[in-house]
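Numbering (our numbering), first residue to last: 15 to 131. We put the beta carbon where it would ideally sit given N, CA and C, even for glycine. Worksheet: one structure, shown below.
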């Protein structure tokens, strides 16, 4: 099995988690009373939590300065997160079931596109 130092898997997962957190926040901020946007935000938040649970115990996500966030849309953030999943090593024992998260993320991107997020 590859060690965490041997590749950038943990950093990639951390980046995906951060992007999903930002996307969920954008969706909830823009949702107002739109249940579809609120539901999508919840789905994105849960996907981010699942990605974060794949990180080793004690792994610290870098802090994000709220003022430095790019003005990207939720769809752009979701698409960026999806792009980062493409090179995740599916053969790693510690990343079991990550393929389902990738599929879920594809569904979230499609839903965001359909809602015009």
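- A contact is defined here as three or more CB-CB pairs under 8 Å, and the segment 34-50 meets this definition with respect to the segment 86-98.
- Judged by DSSP in its simplified three-state form, residue 102 adopts coil rather than helix or strand.
- Boundaries cannot be given for residue 48, as no alpha helix (DSSP H) includes it and DSSP labels it neither H nor E.
- Our two residues, residue 68 and residue 107, have alpha carbons roughly 11 Å apart in a direct line.
- Bounds of any alpha helix (DSSP H) do not take in residue 131, whose DSSP letter is neither H nor E.
- In the three-state scheme derived from DSSP, where H, G and I count as helix and E and B as strand, residue 29 is classed as helix.
- In this structure, the beta-carbon distance from residue 96 to residue 129 does not fall below 8 Å.
- Note on residue 49: under 16 other CB atoms within 10 angstroms of its CB, so exposed under the neighbour-count rule.
- Of 28, 54 and 47, the smallest CA-CA separation from residue 127 is found for 54.
- Less than 8 Å separates the beta-carbon of residue 70 from that of residue 24.
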